[in-house]
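Enquirer: Here it is: the structure, laid out below.
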Amino acid sequence: MPLYLYQAKDKKKSCAYCRKEFQILQKANDKSLSQCPRCGAPIQKIFAPFSSGHSKTGLDRRAKDKGFHKLKKVDKGKYEKLY
Ligand SMILES: [Zn+2]
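The opening position of the sequence shown corresponds to residue 395 in this note's numbering, with each subsequent residue numbered one higher.
Here it is as structure tokens:
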């Protein structure tokens with residue numbers, strides 16, 4: 395399941411959760427979120443891993459080399475950060 399990064403569009407209206415970028419796991423065919431799940435502030439997707447082809451991280455390259463198209467799960471509930 396891809397991991398998406400979101401961030402509040404207007405940081406003045408955001409909560410502590412969405413003021414910084416946060417990660418949400420979504421199915422590939424889920425539609426993008428437009429509101430913070432905690433405070434309802436408008437949010438925007440700032441990174442779509444792997445499917446976009448824009449990532450130049452080492453993780454991305456390693457994953458592609460191995461034919462993976464998902465983030466590496468490094469611990470229970472934790473995923474290796476892309477940036
Ligand atoms: Zn929020």
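Ideal Cβ positions, reconstructed from N, Cα and C, are used throughout, including at glycine.
Below 7 Å, is the gap between the Cβ of Y400 and the nearest heavy atom of ligand 1?
Expert: Residue numbering aside, residue 400 sits at position 6 when the sequence shown is read from its first letter. It does not: the Cβ of Y400 is nowhere closer than 7 Å to a heavy atom of ligand 1.
Enquirer: If you compare alpha carbons, which of G434, Q438, L419 and Q417 is closest to K403?
Expert: As a working mapping, residue 403 is identified with position 9 in the sequence shown. The option with the nearest alpha carbon to K403 is Q438.
Enquirer: Using C-beta distances below 6 Å, list every residue in its chain close to Y411, excluding the 5 sequence neighbours before and after it, in chain order.
Expert: As a position in the sequence shown, residue 411 is number 17, starting the count at 1. Correct list, in chain order: R432.
Enquirer: Do you know how far the Cα of F416 is from the Cα of G471?
Expert: Translated into the one-based positions of the sequence shown, residue 471 becomes position 77. Translated into the one-based positions of the sequence shown, residue 416 becomes position 22. So the alpha carbons of these two residues sit roughly 14 Å apart.
Enquirer: Tell me where the alpha helix (DSSP H) around A410 begins and ends.
Expert: Indexing the sequence shown from 1 puts residue 410 at position 16. Where A410 is concerned, the enclosing alpha helix (DSSP H) stretches over A410 to R413.
Enquirer: Note down the Cα distance separating E474 from K467, rounded to an integer number of angstroms.
Expert: Position 80 of the sequence shown holds residue 474. Position 73 of the sequence shown holds residue 467. Roughly 6 Å separates the two Cα atoms.
Enquirer: Which term fits L397, buried or exposed, when burial requires 16 or more other beta carbons within 10 angstroms of its beta carbon?
Expert: For the purposes of this step, residue 397 is identified with residue 3 of the sequence shown, where counting begins at 1. Burial call: buried.
Enquirer: Helix, strand or coil for D404 per DSSP?
Expert: As a first step, residue 404 must be located in the sequence shown, where it is residue number 10. Coil, per DSSP.
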